[in-house]
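S.K.: Take a look at the following structure, please.
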Amino acid sequence: MRKVKYLSTFIISLLSTLINYAQTDKAEMADTMRSNGRIYVVVAVVVLILSGLLLYLVRLDKKITRIEKNKS
Amino acid sequence: MRRSWWKILCVILLLYTFIGGFLMDVPRLPALSETIRNLYFHVCMWFCMMILFTVSVVYAIRYLRSNKLTDDIYSRQFAAVGIVFGVLGYATGTIWMSYTWADPNNSSFQSFGAVAREPKLIGAAIALLIYFAYMVLRDSISDIDKRARITAVYNVFAYALLFPTIWIIPRILPSLHPGGENGNPALDTNDIDNRMRLVFYPAILGWTLLGVWITSLKIRLSLLKEKRLLQ
Numbered sequence: 001m002r003k004v005k006y007l008s009t010f011i012i013s014l015l016s017t018l019i020n021y022a023q024t025d026k027a028e029m030a031d032t033m034r035s036n037g038r039i040y041v042v043v044a045v046v047v048l049i050l051s052g053l054l055l056y057l058v059r060l061d062k063k064i065t066r067i068e069k070n071k072s
Numbered sequence: 073m074r075r076s077w078w079k080i081l082c083v084i085l086l087l088y089t090f091i092g093g094f095l096m097d098v099p100r101l102p103a104l105s106e107t108i109r110n111l112y113f114h115v116c117m118w119f120c121m122m123i124l125f126t127v128s129v130v131y132a133i134r135y136l137r138s139n140k141l142t143d144d145i146y147s148r149q150f151a152a153v154g155i156v157f158g159v160l161g162y163a164t165g166t167i168w169m170s171y172t173w174a175d176p177n178n179s180s181f182q183s184f185g186a187v188a189r190e191p192k193l194i195g196a197a198i199a200l201l202i203y204f205a206y207m208v209l210r211d212s213i214s215d216i217d218k219r220a221r222i223t224a225v226y227n228v229f230a231y232a233l234l235f236p237t238i239w240i241i242p243r244i245l246p247s248l249h250p251g252g253e254n255g256n257p258a259l260d261t262n263d264i265d266n267r268m269r270l271v272f273y274p275a276i277l278g279w280t281l282l283g284v285w286i287t288s289l290k291i292r293l294s295l296l297k298e299k300r301l302l303q
């Protein structure tokens, strides 16, 4: 009888840790950043940097085309 | 600008990657959480590198068949930009890894010993070093034809070694990297969420087109230089 009692408490504690684990398993996401719209600031900065780099690439491309035309 | 429709496509896809990559929904996963968005950037670097190296080896073989020096220039420039993307992929991987693989109760500096044994990291480092050696080999031979021939052969060898170092060995050994012993990371249909695929596939195409664009500029410049030498 005592053995059964020990075994049952053991199983219950095991199950409860499992449940606890499932509860802490929720991933922390940047929900506040999304809800107050600050994420758009990040997107604006990143998109600006990207478009700056791409513009630079376009200008380089045009410059090389001009040199190619002068050569031939 | 020359033949510009795919360049416009590249710009549109990259803008979409950056906007959609930050704003669209992603699965909520423990440990990864928001860093899962690195899939659109870190993984695409490796895709781009792989495609550029493949093009490079194709031009190397073309050079061996045709002996035309333009093929050698193409091969070299594709390898060079491929290395740039490889280094970027490696560097972004180390940042991502130090926040997701490191033991949360241990600082990333202290768990470095465990993380540095990662087979994917070592394999990628070896693959990149082999390509660094390709560049060193090129610059150490002054005769143009000899250089082109020897490095074309070395390029085939380097490409062949890419497969064991970054594809096969990390999958045989136990690894923390996704797709360790059970298949293909990112491309496995069970592995990646449908919402992420909406951004991921355009991102691969956009980054690859960017790599090709940069390479095409480099090729045109070195062709100009070659012409000047001949005149």
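Order-wise, the sequence lines are chains R and W.
In this text, residue positions in the first sequence follow the working numbering: the first is 1, and each later residue adds one.
In this text, residue positions in the second sequence follow the working numbering: the first is 73, and each later residue adds one.
Ideal placement from N, C-alpha and C gives every residue a C-beta, glycine not left out.
Note that the structure is a prediction, hence the values are computed from the model and not measured.
#1: Taking CB distances under 9 Å as the criterion, tell me whether S35/R reaches chain W.
#2: Tell me, please, whether the region 196-204 of chain W touches the region 147-163 of chain W by the rule of three or more beta-carbon pairs shorter than 8 Å.
#3: Is it the case that the Cβ atoms of I276/W and F150/W are separated by a distance below 9 Å?
#4: With a 10 Å radius around its C-beta and 16 neighbouring C-beta atoms as the bar for buried, classify F229/W as buried or exposed.
#5: With 16 as the cutoff for other CB atoms within 10 Å, does V83/W come out buried or exposed?
#6: Can you give me the start and stop residues for the alpha helix (DSSP H) that P274/W sits inside?
#7: Looking at C-beta atoms only, is the number of pairs between the region 119-138 of chain W and the region 220-240 of chain W that lie closer than 8 Å three or more?
#8: Under three-state DSSP, which class holds L101/W?
#9: Could you give the residue range of the alpha helix (DSSP H) that holds K218/W?
#10: In chain order, what residues of the region 28-57 of chain R put their CB closer than 7 Å to some CB of chain W?
#11: Terminal residues of the continuous alpha helix (DSSP H) containing T237/W?
#12: Anything in chain R within Cβ reach of F150/W, meaning under 9 Å, just list it in chain order.
#13: Can the beta-carbon of F90/W be found less than 9 Å from the beta-carbon of L55/R?
#14: Considering only the alpha carbon of each residue, which of M117/W, L104/W, L141/W lies closest to F272/W?
#15: Within a Cβ cutoff of 8 Å, which residues of the same chain sit near I222/W, ignoring the five residues on either side of it in sequence?
M.R.: The relevant details are as follows:
#1: no
#2: yes
#3: no
#4: exposed
#5: buried
#6: 266-302
#7: yes
#8: It is coil, neither helix nor strand.
#9: K218/W -> alpha helix (DSSP H) spans 216-234.
#10: E28, M29, A30, I39, V42, V43, V46, V47, L50, L54, L57
#11: Neither: T237/W is in no alpha helix (DSSP H) and is coded neither H nor E.
#12: Simply none; closest approach about 17 Å.
#13: Against a cut-off of 9 Å, the Cβ pair of L55/R and F90/W comes out as no contact.
#14: M117/W
#15: L209, I213
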